[in-house]
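**Q** Protein chains in written order, with my numbering: chain A, 133 to 244; chain B, 19 to 132. For every residue, glycine included, the Cβ atom is placed at its ideal position computed from N, Cα and C. All figures in this text were calculated on a predicted structure; none of them were measured in a lab. Quick one: structure below, then a few questions.
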């Protein structure tokens with residue numbers, strides 16, 4: 133199975149600070165169809181996960197543009213340009229290139 | 019608008035079975051596969067598998083091949099997750115999510131305890 137390693141596991145930030153989360157895959161996530169099926173989700177406390185980014189860098193519907201995704205192959209990054217209070221929660225990367233699909237262990241974003 | 023509404027919380031004893039429902043609305047049910055995700059208390063997300071809503075064919079991740087069954091009631095735009103022979107480690111919140119994971123149900127908390 134593909135292992136996704138997220139770092140850091142805990143991220144402390146102040147409001148307005150820009151932060152990044154890394155997601156590294158044990159295998160390339162480039163599919164034979166040319167797509168890279170790497171997603172980012174935010175799960176706020178007590179809520180269902182919300183999809184932020186799909187196919188590495190595409191912003192989900194209604195997601196603020198302070199979120200951005202980048203990367204290729206095995207290395208991917210989610211960046212938040214100016215953390216807001218509503219961004220607090222746990223961030224997960226997920227790959228859907230190789231079955232079984234897998235999630236990273238999560239990165240908890242908290243206020244410093 | 020697109021919604022996935024799951025059935026309510028369940029409290030079961032080890033060895034019992036249960037069936038969780040996920041009712042979809044706001045789109046054509048058979049146009050998108052349905053995926054299932056497990057989240058144990060205080061833990062991360064675990065992908066369980068998916069079901070093709072056109073053919074009814076399920077695909078299970080390795081950890082969920084034994085006691086877990088995905089099914090459909092297409093006429094009711096509803097997907098189901100059945101768990102047989104419940105174990106304490108099945109205690110978790112279970113989510114349905116429409117491909118490509120842009121829409122999620124609210125989650126169903128399953129508690130297994132003697």
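With contact counted as at least three CB pairs below 8 angstroms, one residue from each stretch, are the segment 151 to 166 of chain A and the segment 201 to 208 of chain A in contact?
**A** Yes, they touch.
**Q** How is residue 228/A classed by DSSP in three states: helix, strand or coil?
**A** In the first chain, residue 228/A corresponds to position 96, counting from 1. Residue 228/A falls in the coil class under three-state DSSP.
**Q** Closer than 9 angstroms by beta-carbon distance: list the chain B residues that pair up with residue 156/A, in chain order.
**A** The residue labelled residue 156/A in the question sits at position 24 within the first chain. Ordered by position in chain B, no residue passes the 9 angstroms Cβ test against residue 156/A, which lies about 16 angstroms from the chain.
**Q** Whose CA, out of 33/B, 31/B, 67/B, lies closest to the CA of residue 117/B?
**A** Here residue 117/B corresponds to residue number 99 of the second chain, with the count starting at 1. Closest option to residue 117/B, Cα to Cα, is 67/B.
**Q** Taking CB distances under 8 angstroms as the criterion, tell me whether residue 118/B reaches chain A.
**A** In the second chain, counting from the first residue as 1, residue 118/B sits at position 100. Yes, because at least one Cβ of chain A sits closer than 8 angstroms to the Cβ of residue 118/B.
**Q** Using 8 angstroms as the limit for Cβ to Cβ distance, is residue 223/A near chain B?
**A** Stepping through the first chain from its first residue, residue 223/A is reached at position 91. Closer than 8 angstroms: no.
**Q** Using only the alpha-carbon positions, how far apart do residue 113/B and residue 236/A sit?
**A** Locating residue 113/B in the second chain gives position 95, counting from the first residue. Locating residue 236/A in the first chain gives position 104, counting from the first residue. Taking the straight line from one Cα to the other gives about 17 angstroms.
**Q** Does residue 235/A get closer than 8 angstroms to chain B when you measure Cβ to Cβ?
**A** Residue mapping note: residue 235/A aligns to position 103 of the first chain, counting from 1. Residue 235/A counts as touching chain B.
**Q** Output the distance between the C-alpha atoms of residue 150/A and residue 32/B, rounded to the nearest integer angstrom.
**A** Along the first chain, one-based indexing puts residue 150/A at 18. Along the second chain, one-based indexing puts residue 32/B at 14. One C-alpha to the other measures close to 47 angstroms.
**Q** Taking the alpha-carbon of residue 101/B as reference, which of 94/B, 43/B, 127/B has the nearest alpha-carbon?
**A** For the purposes of this step, residue 101/B is identified with residue 83 of the second chain, where counting begins at 1. It is 127/B.
**Q** Quick check: is the beta carbon of residue 201/A nearer than 8 angstroms to any beta carbon in chain B?
**A** Here residue 201/A corresponds to residue number 69 of the first chain, with the count starting at 1. Residue 201/A does not count as touching chain B.
**Q** Starting from the beta carbon of residue 63/B, find every residue of chain A whose beta carbon is closer than 8 angstroms, and list them in chain order.
**A** The count along the second chain starts at 1 and reaches residue 63/B at position 45. Those are 173, 175, 181, 224, 226, 235, 238, listed as they occur along chain A.
**Q** Cα separation between residue 92/B and residue 198/A?
**A** By 1-based counting over the second chain, the position of residue 92/B is 74. By 1-based counting over the first chain, the position of residue 198/A is 66. Approximately 39 angstroms, taken between the alpha carbons.
**Q** Suppose contacts are defined by Cβ-Cβ distances below 8 angstroms. Is residue 148/A in contact with residue 221/A by that definition?
**A** Sequence index remark: in the first chain, residue 148/A carries index 16 (1-based). Sequence index remark: in the first chain, residue 221/A carries index 89 (1-based). Result no, Cβ atoms of residue 148/A and residue 221/A do not sit closer than 8 angstroms.
**Q** Along chain B, in chain order, which residues have C-beta atoms closer than 7 angstroms to that of residue 232/A?
**A** In the first chain, the residue the question calls residue 232/A occupies position 100. Here the neighbours are 65, 79, 80.
**Q** Relative to the C-alpha of residue 133/A, which candidate in 34/B, 110/B, 80/B, 76/B has its C-alpha closest?
**A** Within the first chain, numbered from 1, the residue matching residue 133/A stands at position 1. With distances taken between Cα atoms, residue 133/A lies closest to 80/B.
**Q** For residue 201/A, is the classification buried or exposed, using 16 other Cβ atoms within 10 angstroms of its Cβ as the cut-off for buried?
**A** The residue you call residue 201/A lines up with position 69 of the first chain. Residue 201/A comes out buried.
**Q** Comparing the C-beta of residue 47/B with each C-beta of chain A, is any distance below 8 angstroms?
**A** Locating residue 47/B in the second chain gives position 29, counting from the first residue. Not closer than 8 angstroms to any Cβ of chain A, the Cβ of residue 47/B fails to qualify, so no.
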